[in-house]
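Numbering (this note's numbering), first residue to last: 36 to 240.
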């Protein structure tokens, strides 16, 4: 099931968000070793987790976290412009219809097949929400192996600049175009599918 959480007023009091922040800690801190804030030794929450953030969280029927992503408006401070602007060959993309995808997180407890299914649901959710909200482009920062995966999803992706070593790790910046043709492109690649959203069907095919 997909949970769309816009303008959150609380974080750890909401079970879906609490499970998401715990999953982020397991992935980005415990697995990848990122030097990012951790609350109460269990939850990865940073300075961009504000009421302006938008969260897409995929859970199972019991509410357990499967996958999630955070969206940040590029008209406000976000990760690419405040931390990694050097990854862009030109100006950092900004605009009312451009949002940044951050903290794309697949739960570590999932088996390989479940991870692929959760990934596909989350990518589908990003497209569904983009079309619903009038988003025309997503931007993001990622390691080369993840960028390679994203480019194979079937949607239109471009590198914003050369990949660089940042603090000893290779990173790149990408832009993903979103329009009415995107669901079909993802569907042909075996990625796009129907979503269950808070008791209703979110079908943009």
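Where a beta carbon is used, it is the ideal one built from N, C-alpha and C, also for glycine.
Cutoff 9 Å: residue i Cβ touching any chain D Cβ
| i | result |
| --- | --- |
| residue 229 | The structure shown contains no chain D, having only a single protein chain. |
Of the residues the options, the one placed nearest residue i, counting alpha carbons only
| i | options | result |
| --- | --- | --- |
| residue 132 | 163, 172, 155 | 172 |
| residue 113 | 87, 142, 206 | 87 |
| residue 144 | 102, 124, 178 | 102 |
| residue 192 | 208, 178, 127 | 208 |
| residue 202 | 43, 38, 68, 55 | 68 |
| residue 51 | 98, 62, 123, 206 | 98 |
Cut-off 8 Å between Cβ atoms - residues of its own chain near residue i, not counting five sequence neighbours on either side
| i | result |
| --- | --- |
| residue 32 | Any question about residue 32 goes unanswered here, given that the chain covers just 36 to 240. |
| residue 240 | Any reading at residue 240 needs caution, since the residue's pLDDT is 36, under 50, leaving its predicted position unreliable; the model's value is listed next. 218, 219, 222, 227, 229, listed in sequence order. |
C-alpha gap between residue i and residue j, whole angstroms
| i | j | result |
| --- | --- | --- |
| residue 198 | residue 117 | 17 Å |
| residue 100 | residue 107 | 21 Å |
| residue 211 | residue 174 | 6 Å |
| residue 36 | residue 154 | 13 Å |
| residue 73 | residue 53 | 12 Å |
| residue 40 | residue 150 | 22 Å |
| residue 186 | residue 130 | 23 Å |
Strand pairing of residue i, partner residues [DSSP]
| i | result |
| --- | --- |
| residue 90 | 40, 105 |
| residue 78 | 74 |
| residue 212 | 172 |
| residue 193 | 210 |
Buried or exposed (CB count within 10 angstroms, at least 16 for buried), residue i
| i | result |
| --- | --- |
| residue 141 | buried |
| residue 235 | With a pLDDT of 46 at residue 235, under the threshold of 50, the modelled position of this residue cannot be trusted, and the question is left open. |
| residue 148 | exposed |
| residue 58 | buried |
| residue 85 | exposed |
| residue 169 | exposed |
Cβ neighbours of residue i in the same chain (closer than 6 Å, five flanking residues each side left out)
| i | result |
| --- | --- |
| residue 215 | none |
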